[in-house]
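Residue numbers (this note's numbering): 98 to 454.
First up is the structure itself, then whatever we jot down about it.
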C-alpha cells in the first residue's frame, strides 16, 4: 500500500512540475522612456556657456603700502587716465621726506666745507707751503663728501616719489568693475584697490573639455547669444585657447572675441556660443543615458520599427556639464534612451514619451 501511494504521489508531482514549466514567463512591462537622436557634438555645442568679460582689465594698486584714507571710485564709474582714485595716509612718507631733506642739507654743507678746504690747500700747495700728500688727502675728503651729497639727493628723490605714490590715479580709460579695499583698510604695495576694464572690447570666456578643444582652431567663428535675450546675437572669433587644462576640471579655457556687441552683452552677462558650421568631434550623451554594471558601460538603442530597445556596449570618456563622450559603439543618427535605463532590459518593449531631434 505504501509503495503504491508513493508511486502515485511521484506521478502527481511530476505532472504538476511539467505543467508549471510549460507556462510562458510574464512579459516585461512596456516602459515609457525619453530618447534623443545621437549626433556629433550635439551636447558639446549646448555646453558652450560662459561669461562676458573685458579683453583689457587692469588692477589699480599703490606702489607703496599704508592705510587707505579715501577711495573716490565706485563700481560702474567711468574714469579717464590720470583721474584720482584713492589716497593713503601720507604722514609717514611726509616725515621720511623731511628727514631726507634735512640729511641733504647736512651733506651739502659737508661737501661745501670739503670743497672750500681743498681749494685753500691747493693754493698753499702751489706756494709750496704744504705737501702734495696733504692736498691729496683733502681731495679724497672732497670726493667722499660729494658721494654723500649724491646719495642724500637720491634719498630725497626717493622720498618724494614715495610720497607721490600715496595718491592713486587711473592708468587707463575705462569703467570700474571691482573694488578691492575700503577706506580704513591697510593695503600692501601691489594690492588691487579697484579694477578698471575697457568695455568696448569684450570676450565670451568658456571652459570646454579636451574632446571639444581638439576640434577647434584659432579664428573659428561662433554665434554668441545672451541667456536673457535669446533674440539677440553677436558674431565672435576664437582668439585664445588656454595653454593647458585646468588641473581640477580638466577643461580648457577659451576666449571668443565679440564683434560689435550690443548693450545686451554687458560685462558679467551669461551667454552661450554656437559654432558656425559646427564643430568636429565625437558624439556626446547625457551621463544618465549610460548604464554601468561592474565597470562595463552600455546604452539602450531604440528599434523604432517594433518599439523595443537593444542593449549595446559602448566606450565612453568624461565630458563636461553632465555629459560623456561616446568613443565607440554608437553611430550618428541612432536614437538612444536617455532616462530610465536602469529599469530596462535588452529587447524590452518601450513607449517613446518624448522625441528629441
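For each residue, glycine too, the CB sits at the ideal point set by N, CA and C.
On a predicted model such as this, the values are computed, not experimentally measured, just so you know.
Cβ of residue i within 8 Å of Cβ of residue j?
i: residue 160; j: residue 183; result: no
i: residue 164; j: residue 194; result: no
i: residue 235; j: residue 214; result: yes
i: residue 369; j: residue 324; result: yes
i: residue 130; j: residue 380; result: no
i: residue 263; j: residue 187; result: yes
i: residue 356; j: residue 328; result: no
i: residue 407; j: residue 398; result: yes
i: residue 207; j: residue 242; result: yes
i: residue 386; j: residue 396; result: yes
i: residue 364; j: residue 274; result: yes
i: residue 157; j: residue 293; result: yes
i: residue 197; j: residue 256; result: yes
i: residue 172; j: residue 280; result: no
i: residue 219; j: residue 232; result: yes
i: residue 128; j: residue 441; result: yes
Just to confirm the assignment, what range does the alpha helix (DSSP H) spanning residue i have?
i: residue 407; result: Looking at the DSSP string, residue 407 is not in any alpha helix (DSSP H); the run it does join, the beta strand (DSSP E), is 405-410.
Going by DSSP, what residue range makes up the beta strand (DSSP E) through residue i?
i: residue 247; result: It is not in any beta strand (DSSP E) - residue 247 instead sits in the alpha helix (DSSP H) that spans 229-261.
i: residue 165; result: 163-168
i: residue 427; result: Counting along the chain, residue 427 falls outside any beta strand (DSSP E), and DSSP gives it neither H nor E.
i: residue 264; result: 264-266
Could you tell me which of the options sits nearest to residue i, measuring between CA atoms?
i: residue 367; options: 302, 340, 347 and 309; result: 302
i: residue 411; options: 299, 265, 403 and 390; result: 390
i: residue 319; options: 425, 360 and 351; result: 351
i: residue 191; options: 129, 211, 254 and 154; result: 254
i: residue 162; options: 290, 343 and 241; result: 290
i: residue 146; options: 328, 322, 259 and 445; result: 322
i: residue 154; options: 343, 267 and 335; result: 267
i: residue 278; options: 170, 151 and 398; result: 170
i: residue 304; options: 341, 401 and 316; result: 341
i: residue 270; options: 430, 362, 179 and 127; result: 179
i: residue 469; options: 334, 347 and 134; result: Residue 469 lies beyond the residue range present for the chain, which begins at 98 and ends at 454; the question has no answer from this structure.
i: residue 361; options: 128, 127, 132 and 149; result: 149
i: residue 54; options: 335, 198, 246 and 384; result: Nothing can be reported for residue 54, as the shown portion of the chain is limited to 98 through 454.
i: residue 383; options: 420, 245 and 372; result: 420
i: residue 373; options: 280, 313, 344 and 176; result: 313
i: residue 299; options: 337, 284, 276 and 239; result: 337
Report the partner residues of residue i according to the DSSP bridge assignment.
i: residue 150; result: 300
i: residue 156; result: 292
i: residue 306; result: 348
i: residue 276; result: 291
i: residue 415; result: 421
i: residue 447; result: 128
i: residue 321; result: 331 and 370
Subject >> In chain order, each alpha helix (DSSP H) run of at least 4 residues that lies wholly inside the region 171-233 >> reply: 188-223
**OP:** Counting only runs of 3+ residues fully inside the region 323-400, write out the beta strand (DSSP E) ranges in chain order.
**Re:** 331-338, 348-355, 367-372, 380-383, 388-390 and 393-400
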